[in-house]
Amino acid sequence: MFLPSVLAASNLVSVQPGLIFWTLVTFVIVFFVLKSKAWGPILQLVEEREKQISAAVESAKRERAEAEKLLADQKTAIAEARRQAADETRRNQQEMEKFREELMAKSRKEAEELKLSARREIDEQKTKAIAEVRAMAVDLAMEVAGKLINERMDDSKHRALAEQFVQSLPLSGANTGARRSA
Numbered sequence: 006m007f008l009p010s011v012l013a014a015s016n017l018v019s020v021q022p023g024l025i026f027w028t029l030v031t032f033v034i035v036f037f038v039l040k041s042k043a044w045g046p047i048l049q050l051v052e053e054r055e056k057q058i059s060a061a062v063e064s065a066k067r068e069r070a071e072a073e074k075l076l077a078d079q080k081t082a083i084a085e086a087r088r089q090a091a092d093e094t095r096r097n098q099q100e101m102e103k104f105r106e107e108l109m110a111k112s113r114k115e116a117e118e119l120k121l122s123a124r125r126e127i128d129e130q131k132t133k134a135i136a137e138v139r140a141m142a143v144d145l146a147m148e149v150a151g152k153l154i155n156e157r158m159d160d161s162k163h164r165a166l167a168e169q170f171v172q173s174l175p176l177s178g179a180n181t182g183a184r185r186s187a
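Under our numbering, the first residue of the sequence shown carries the number 6, and numbering increases by one thereafter.
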């Protein structure tokens, strides 16, 4: 058994000129067939693939440049929007401050008007009170005078006498006293 395996190994290693010749002829024929039939289409496919790859690379470069341009445009737009928002905020704050000042001025004016109205009302009430006090003083003076004189005068004489007395009363003293109490 050892012998046939040695013989088979020696056939493979031995040089056989006929086998070499037909191997070379087969190689040349396969080479020319492959060159004419397969090599051209394979090279054409490789060239097409190379063109596709370079076109894809160029397209990617263009798209990247466009994306970078869009990004720059977006950054510019964002900066512009922020600037506009800041301007709008500042403008709103100025308008609110102006509105607040107008409102304060209007409130002050209304308060001043209310104060003046209240003063007028106080003065009117004071005048009415003084008139009532004078009328009461006249009536009181007439009653006192009637009791003192022990005679009754007619109403017109009493009234004229009392009004003359009230008119002679000092007016400035009554005003200062009313002002101090107010």
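Think of the CB as a built atom: it goes at the ideal place given N, C-alpha and C, for glycine as much as any other residue. Nothing here was measured: the structure is a model prediction, and the numbers come from that model.
Span separating the alpha-carbon of residue 78 from that of residue 111: 48 Å
Counting C-beta neighbours from all protein chains within 10 Å, is the total for residue 143 16 or more, i.e. buried, or is it exposed? buried
If you draw a straight line from the C-alpha of residue 148 to the C-alpha of residue 120, how long is it? Rounded to whole angstroms, residue 148 to residue 120 spans 41 Å at the Cα level.
Where do the N-terminal and C-terminal ends of the alpha helix (DSSP H) with residue 228 fall, by residue? Nothing can be reported for residue 228: it is not among the residues displayed for the chain, which extend from 6 to 187.
To the nearest angstrom, how far is it from the Cα of residue 165 to the Cα of residue 130? Those two C-alpha atoms are separated by around 25 Å.
Taking only three categories from DSSP, how would you classify residue 79? helix
Quick check: the Cα distance between residue 136 and residue 113, rounded to an integer number of angstroms? 34 Å
Using three-state DSSP, classify residue 247 as helix, strand or coil. The structure shown does not extend to residue 247, since the chain spans only 6 to 187, so no value can be given for it.
3 or more residues per run - each beta strand (DSSP E) lying fully within the stretch 94 to 161: Counting only runs of 3 or more, we get nothing.
Taking buried to mean at least 16 other C-beta atoms within 10 Å of its own C-beta, is residue 72 buried or exposed? Per the 10 Å Cβ criterion, exposed.
Inspect the beta-carbon positions of residue 170 and residue 134 and report whether they are closer than 7 Å. no
By how many angstroms is the C-alpha of residue 76 removed from the C-alpha of residue 65? 16 Å
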